[in-house]
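Visitor: This structure is in structure tokens; I'll ask about it shortly.
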Amino acid sequence: MRPIGLRLVIAFGALLALAASARAQELGGGLRPEDLTLDAILNDPDAPVVGNPKGDITIVAFEDYNCPFCKKADPALLRLVEDDGHIRLVYKDWPILADTSLYGAELALAAKYEGKYEIVHRALMHVPPGEHEGDDKAVMDKAVAAAGVDLAPLKKDMGDHIVDIGTLLQRNNAQALAMGFRGTPVFLIGPYLVAAAPDYNGFKKIVAAARVHMKK
0 MRPIGLRLVI
10 AFGALLALAA
20 SARAQELGGG
30 LRPEDLTLDA
40 ILNDPDAPVV
50 GNPKGDITIV
60 AFEDYNCPFC
70 KKADPALLRL
80 VEDDGHIRLV
90 YKDWPILADT
100 SLYGAELALA
110 AKYEGKYEIV
120 HRALMHVPPG
130 EHEGDDKAVM
140 DKAVAAAGVD
150 LAPLKKDMGD
160 HIVDIGTLLQ
170 RNNAQALAMG
180 FRGTPVFLIG
190 PYLVAAAPDY
200 NGFKKIVAAA
210 RVHMKK
């Protein structure tokens, strides 16, 4: 667990502001300098939000549906969000490991348009590691359908909104690269950056420490 702290948050924001214009031009695709700010990372209006939208602490989760460590950590995180009741959880789908990583992210983000992001997210995270590597998208479809989501309207939403979904994924990728992330999962928990896969008690301790830090 690496404390970011107020001074580093301010310095980090300033560094992003200085580099944002050049980085946005380098990455292309309509990215703007303001897409690479701390506010954009914490408050992207298109990013799915789970838990309490007015919670006293925000957790930002960068995850990949092919990442075994994400699959290990995510259920514990969601359990804590439910038990705590005061956590705002922002998901940043970051598909970097395989073709099915992108497909899974597109499925989940398409489900957001019907208010079913969390259902699809949980379904994909519960697929055992290694069962949908390569191009086996059918395994993902089966998991989503088993969770009670109708695939026909979901695929239609994916097609109808594929440009917006792609733009959001590009922003997520640009933000992760700008922060120097090297892989998944990464969690921003209040003033802390956690590049690991904590268990339930680990997340709980970090959230408690973050709340103490934020009151100083």
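Numbering that gives the first Met the number 0 numbers the first residue of the sequence shown as 0 and each following residue consecutively.
For each residue, glycine too, the CB sits at the ideal point set by N, CA and C.
Beta carbon of Ala175, beta carbon of Phe68: below 9 Å?
Guide: The answer is no: Cβ separation not under 9 Å.
Visitor: Going by other Cβ atoms of all chains shown within 10 Å of its Cβ, with 16 needed for buried, is Met213 buried or exposed?
Guide: Exposed is the call here.
Visitor: From what residue to what residue does the alpha helix (DSSP H) around Tyr102 run?
Guide: Looking at the DSSP string, the run of the alpha helix (DSSP H) that includes Tyr102 is 98-110.
Visitor: Alpha carbon to alpha carbon, what distance is there between Val211 and Val48?
Guide: Taking the straight line joining both Cα atoms gives about 23 Å.
Visitor: Just how far apart, CA to CA, sit Arg170 and Ala39?
Guide: Between Arg170 and Ala39, the C-alpha separation is close to 9 Å.
Visitor: Three or more C-beta pairs under 8 Å: does that hold for the region 52-69 against the region 85-96?
Guide: Enough Cβ pairs lie closer than 8 Å, so yes.
Visitor: Would you mind reading off the limits of the alpha helix (DSSP H) that contains Ala142?
Guide: 136-145 is the extent of the alpha helix (DSSP H) around Ala142.
Visitor: Could you check where the alpha helix (DSSP H) with Tyr199 kicks off and where it finishes?
Guide: Start and end: 199-214.
Visitor: Determine the DSSP secondary structure at Ala195, reduced to helix, strand or coil.
Guide: Here Ala195 sits in coil by DSSP.
Visitor: Any idea if Asp163 is buried or exposed, counting beta-carbon neighbours within 10 angstroms, 16 or more meaning buried?
Guide: Label assigned to Asp163: exposed.
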